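A.B. asks: All residue numbers for the sequence shown refer to UniProt numbering, where the first residue is 1 and numbers rise by one. Positions of the beta carbon are idealized from the N, C-alpha and C atoms, including for glycine. As the structure is a prediction and not an experimental result, all values here were calculated from the model.
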Amino acid sequence: MNAAVRAVVRMGLYVGAKVYFIHEGYQGMVDGGENIEEASWESVSSMLQVGGTVIGSARCKEFRSHEGRLKAAHNLVLQGITNLCVIGGDGSLTGANLFREEWSGLLTELVDQGLIEADAVQKYSALHIVGMVGSIDNDFCGTDMTIGTDSALHRIIEVVDAIMTTAQSHQRTFVLEVMGRHCGYLALVSALACGADWVLIPEMPPEDGWEDKMCQKLSATRSRGTRLNIIIVAEGAIDRHGTPITSGIVKDLVVKCLGFDTRVTILGHVQRGGTPSAFDRILASRMGVEAVLALLETTANTPACVVSLRGNQSVRLPLMECVQMTQEVQRAMDGKRFEEAVKLRGRSFENNLRTYKLLAHRKPESELPVVSQPLTFPENSDRAVSS
Ligand code: F6P
Numbered sequence: 001m002n003a004a005v006r007a008v009v010r011m012g013l014y015v016g017a018k019v020y021f022i023h024e025g026y027q028g029m030v031d032g033g034e035n036i037e038e039a040s041w042e043s044v045s046s047m048l049q050v051g052g053t054v055i056g057s058a059r060c061k062e063f064r065s066h067e068g069r070l071k072a073a074h075n076l077v078l079q080g081i082t083n084l085c086v087i088g089g090d091g092s093l094t095g096a097n098l099f100r101e102e103w104s105g106l107l108t109e110l111v112d113q114g115l116i117e118a119d120a121v122q123k124y125s126a127l128h129i130v131g132m133v134g135s136i137d138n139d140f141c142g143t144d145m146t147i148g149t150d151s152a153l154h155r156i157i158e159v160v161d162a163i164m165t166t167a168q169s170h171q172r173t174f175v176l177e178v179m180g181r182h183c184g185y186l187a188l189v190s191a192l193a194c195g196a197d198w199v200l201i202p203e204m205p206p207e208d209g210w211e212d213k214m215c216q217k218l219s220a221t222r223s224r225g226t227r228l229n230i231i232i233v234a235e236g237a238i239d240r241h242g243t244p245i246t247s248g249i250v251k252d253l254v255v256k257c258l259g260f261d262t263r264v265t266i267l268g269h270v271q272r273g274g275t276p277s278a279f280d281r282i283l284a285s286r287m288g289v290e291a292v293l294a295l296l297e298t299t300a301n302t303p304a305c306v307v308s309l310r311g312n313q314s315v316r317l318p319l320m321e322c323v324q325m326t327q328e329v330q331r332a333m334d335g336k337r338f339e340e341a342v343k344l345r346g347r348s349f350e351n352n353l354r355t356y357k358l359l360a361h362r363k364p365e366s367e368l369p370v371v372s373q374p375l376t377f378p379e380n381s382d383r384a385v386s387s
C-alpha cells in the first residue's frame with residue numbers, strides 16, 4: 001500500500017494539489033487533529049520497499065455511524081479537503097461512497113450546529129472519492145489483482161518451498177492453511193504455484209465423498225514414488241453443505257485413513273507482512289497515478305469509481321457496481337450456487353481453477369483420449385498443439 005500512498009502524493013503534487021495523509025484510516029479522519037497531516041514529496045521517500053502502510057490503518061466503528069461521519073466531514077472541511085483517495089476492501093470503499101452521498105447533508109448539519117461557516121456548503125459542495133483495492137485476498141470483482149495479493153502469494157510460496165524440505169526428508173503430508181476467510185484465490189494460486197495435491201476453497205467446495213477421493217489421490221502419488229504430499233486449505237473452506245473444512249479436519253482424515261505422518265501449518269499473518277513484491281509496487285504505483293487522474297476528472301455527477309487492473313491496464317470502473325458484484329459472490333456461496341460463485345470471481349479465477357485441475361489430477365490410462373487430432377487448450381482455443 002505504501003507504493004499507492006507514494007504515487008498519490010507525488011502525482012497529486014505534480015498536478016498542483018495540496019496532498020494530505022490521513023493517518024489511521026477512517027479513525028484518523030473522525031479524530032482529526034494531527035491525524036491529518038500535509039504530505040510532501042520527501043515524506044514518501046524510501047517507502048516503496050516497506051510493507052503495510054506507513055500512514056496506518058484501522059477498523060473504525062465510529063465511521064459507520066452518522067455521528068462519526070459528521071465529525072469526519074468537519075475535519076475535512078477544516079483543512080479544505082474535498083478529494084479522497086481510499087485504499088481498502090469493499091467495506092471501506094462502500095463507507096467512502098456513503099460518505100460522499102451524505103456529504104452535502106453533513107455540511108448543512110455542521111452549519112446548523114455552528115461548526116462551519118454557511119458559505120462552506122457552497123465552497124465545498126461535493127466530495128469526490130476514488131477507490132483502490134488493498135486486500136491480500138484478491139476478492140474484489142472488477143480487478144484482476146488487488147494491492148497486496150502478489151506479495152502474500154510470494155510469502156506463501158516461500159513457506160511452502162521451505163516446508164517441502166521436511167516433507168521430502170521425512171515423507172510427510174503437510175496441510176497448509178492460508179488466509180482467505182471468504183475467498184479462495186490465495187489457496188488456489190498457491191496450489192497451482194507449488195503443485196499441491198489437493199486444494200480446498202470456499203467458492204468450489206468438493207463433491208460429497210471428497211474424503212475418499214482425496215485419500216485415494218494421496219495414496220496413488222505415494223505409490224508412484226512421491227515422498228510428500230501438500231494439501232492447501234483456504235481459511236474459509238467449506239463443504240457442499242456449508243460446513244467448514246478446517247486444516248485440523250483434513251489432517252485427522254489423512255492420519256485416520258492413510259496413517260501418513262501429517263502436520264498442519266497455519267500461515268496466519270506472516271502472509272500479510274514483509275517486503276512487497278515488485279509486481280505489487282508497480283501495480284500500486286500505477287493505480288495511485290490513475291486515482292489522482294480520476295479525481296481530477298470527477299464531477300459531482302460522476303459515479304464514484306474504483307481503479308482496477310484489467311488485462312494489465314489501469315482502468316476506472318463504477319465503484320458500487322463492483323462492490324455489489326463482490327457481495328453477490330458471497331450471496332452465491334451462501335446460497336450454495338458454487339458454479340455461479342466461481343463465474344462471478346472472474347475469468348482469471350476460473351482459468352486458474354481449470355488449470356489447477358488439469359495439472360493436478362492425472363487421468364487413468366483408460367480415460368486418456370487417442371490423440372489423432374490437433375489438441376486445443378480448453379481456455380485458449382486459438383492455441384493448438386499437433387499430436
Ligand atoms: O484481509 C482479509 C484477511 O486477509 C482474511 O483473509 C483474514 O481472515 C483476515 O484478513 C484476517 O484479519 P485480522 O487481521 O483481522 O485477523
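On the DSSP bridge list, what partners appear for Glu37?
C.D. replies: According to DSSP, which records beta bridges pairwise, Glu37 is partnered with Phe21.
A.B. asks: What does the alpha-carbon distance come out to for the pair Ala360 and Arg310?
C.D. replies: Their backbone Cα atoms lie some 28 Å apart in a straight line.
A.B. asks: Leaving out the 5 sequence neighbours to the left and right, which residues in its chain are closer than 6 Å to Thr298 when beta-carbon positions are compared?
C.D. replies: The answer, listed in chain order, is His128.
A.B. asks: Is the region 221-230 touching the region 151-171, taking contact as three or more C-beta pairs under 8 Å?
C.D. replies: Judged by Cβ distances under 8 Å, the region 221-230 makes contact with the region 151-171, as three or more pairs qualify.
A.B. asks: Report buried or exposed for Lys251, applying the criterion of at least 16 other Cβ atoms within 10 angstroms of its Cβ.
C.D. replies: The residue in question, Lys251, is buried, as its Cβ has 16 or more Cβ neighbours within 10 Å.
A.B. asks: Taking only the alpha-carbon atoms, compute the straight-line gap between Pro205 and Ala294 and give it to the nearest angstrom.
C.D. replies: Distance between the alpha carbons of Pro205 and Ala294 is about 39 Å.
A.B. asks: Quick one: what does DSSP say Glu177 is sitting in, helix, strand or coil?
C.D. replies: Looking at Glu177 - three-state DSSP - the assignment turns out to be strand.
A.B. asks: Determine, using beta carbons only, whether Val264 and Phe174 come nearer to each other than 9 Å.
C.D. replies: Result yes, Cβ atoms of Val264 and Phe174 sit closer than 9 Å.
A.B. asks: With a CB to CB cut of under 7 Å and the five nearest residues on each side skipped, what residues in its chain are close to Leu106?
C.D. replies: Only Arg69, Leu70, Ala73 meet the Cβ criterion.
A.B. asks: Would you mind sorting Trp198 into buried or exposed? The rule is 16 or more other CB atoms within 10 Å of its CB.
C.D. replies: When all chains shown are included, Trp198 counts as buried.
A.B. asks: What residue from Leu368, Leu283, Glu339, His269 has the CA that sits closest to Gln313's CA?
C.D. replies: Among Leu368, Leu283, Glu339, His269, the Cα nearest to that of Gln313 belongs to Leu283.
A.B. asks: With 16 as the cutoff for other CB atoms within 10 Å, does Thr302 come out buried or exposed?
C.D. replies: By the 10 Å Cβ count, Thr302 comes out exposed.
A.B. asks: What's the gap between the Cα of Arg383 and the Cα of Met11?
C.D. replies: In this predicted model, Arg383 has a pLDDT of only 45, less than 50, meaning its place in the structure is not dependable; the value taken from the coordinates is given anyway. About 41 Å.
A.B. asks: Please check the pair Gly131 and Ile147, which I expect to be a contact at CB under 8 Å, by giving their CB distance rounded to whole angstroms.
C.D. replies: Wrong, their Cβ atoms sit about 11 Å apart, outside the cutoff.
A.B. asks: If you follow the alpha helix (DSSP H) that Ser314 is part of, which residue opens it and which one closes it?
C.D. replies: Per DSSP, Ser314 belongs to no alpha helix (DSSP H); it is in the beta strand (DSSP E), 313-318.
A.B. asks: Just to check my reading of the structure: Ala291 and Val315 have Cβ atoms closer than 8 Å, yes? What is that Cβ distance to the nearest angstrom?
C.D. replies: With 8 Å as the limit, Ala291 and Val315 do not qualify as a contact, their Cβ atoms being about 12 Å apart.
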